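Residue numbers (my numbering): -18 to 193.
Note that beta-carbon positions come from the ideal geometry of N, C-alpha and C, so glycine has one too.
As the structure is a prediction and not an experimental result, all values here were calculated from the model.
To start, the structure under review is shown below, and the notes come after it.
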């Protein structure tokens, strides 16, 4: 069904933009199968893992940016896109994890565990980020929001430590090139900073209103 409202068209546009990296990855996989080495170089598995992980953290940061953008631009309707963006971030991160498991498909569980423990710092913290995002994805619907009531907002604050864990995962995974972690870290600081300022201003307004 083709959307006819402005909001529906905007939703479709955002959906297509967020799906585009996955489509491009599919094209590269097809090229790689047709001509090995043409798309991913000497280590296709590592390239696919890196690609999915990069887009996972990018879209996760975009999810965190929706609310600040709606406040700064005074466009509260932007919040309507937050759920979709968040679910896409979760999807890319799940695919990133699945790609890791597939890369170890020929190994026993003990071997996979040994590989994970050998890279314990970034592997474990990355897994923690994924685990924290699972309940957020499950409870992202309006139905769950009604069921959980005020607890829904408290639960969804897990997105902050999840984003921080994902960033730490990237920092520890980086091999000498810290430009991406630096950029993402600065974005994360700005997003967290905006939320702190917003909360302080909100509490001051509430205190002033009570005093009056």
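Helix or strand or just coil, what does DSSP make of residue 55? Of the three classes helix, strand and coil, the one that applies to residue 55 here is coil, per DSSP.
Sequence-distant residues of the same chain with beta carbon closer than 8 Å to residue 133, five excluded per side: Same-chain partners within the cutoff: 120, 125, 126.
Alpha carbon to alpha carbon, how far is residue 17 from residue 177? Give it in angstroms, no decimals. One C-alpha to the other measures close to 49 Å.
Distance CB(residue 44)-CB(residue 22) smaller than 8 Å: Not closer than 8 Å, so no.
Residue 12 versus residue 175 - alpha carbon distance: Approximately 43 Å between the Cα atoms of the pair.
Tell me the DSSP secondary structure of residue 19 in three-state form. The DSSP-derived three-state label of residue 19 is coil.
So what does DSSP say about residue 156, is it helix, strand or coil? When secondary structure is reduced to three states using DSSP, residue 156 falls in the coil class, being assigned neither helix nor strand.
Nearest-angstrom Cα distance between residue 169 and residue 42? Rounded to whole angstroms, residue 169 to residue 42 spans 7 Å at the Cα level.
Mind reading off the beta-carbon distance from residue 65 to residue 123? Whole number of angstroms is fine, and I expect it under 8 Å. That belief does not hold up - the Cβ atoms of residue 65 and residue 123 are roughly 13 Å apart, past 8 Å.
With C-beta atoms as the reference, is residue 80 less than 8 Å away from residue 29? For residue 80 and residue 29, yes; Cβs fall inside 8 Å.
For residue 117, which of 136, 6, 108 has the nearest alpha-carbon? Comparing Cα-Cα distances from residue 117 to each of 136, 6, 108, the minimum goes to 136.
Through-space distance from residue 57 to residue 179, alpha-carbon basis: Spanning the two alpha carbons is a distance of roughly 15 Å.
Every unbroken alpha helix (DSSP H) inside the stretch 103 to 181 [4 residues or more]: Whole alpha helix (DSSP H) segments, 4+ residues: 123 to 129, 131 to 137, 140 to 154.
Under the three-state DSSP convention, the category residue 9 falls into: Helix at residue 9.
Please determine, among 113, 155, 38, 149, the residue with the shortest C-alpha to C-alpha distance to residue 139. Answer by Cα proximity: 113.
Here's the rule I'm using: 16 or more other beta-carbon atoms within 10 Å means buried, otherwise exposed. How should residue 63 be labelled? Burial call: buried.
Are residue 61 and residue 129 close, meaning C-beta to C-beta below 8 Å? Residue 129 sits away from residue 61, with the two beta carbons spaced by 8 Å or more.
Starting from residue 63 and walking both ways along the alpha helix (DSSP H), at which residues does that stretch end? Its alpha helix (DSSP H) spans residues 63 to 84.
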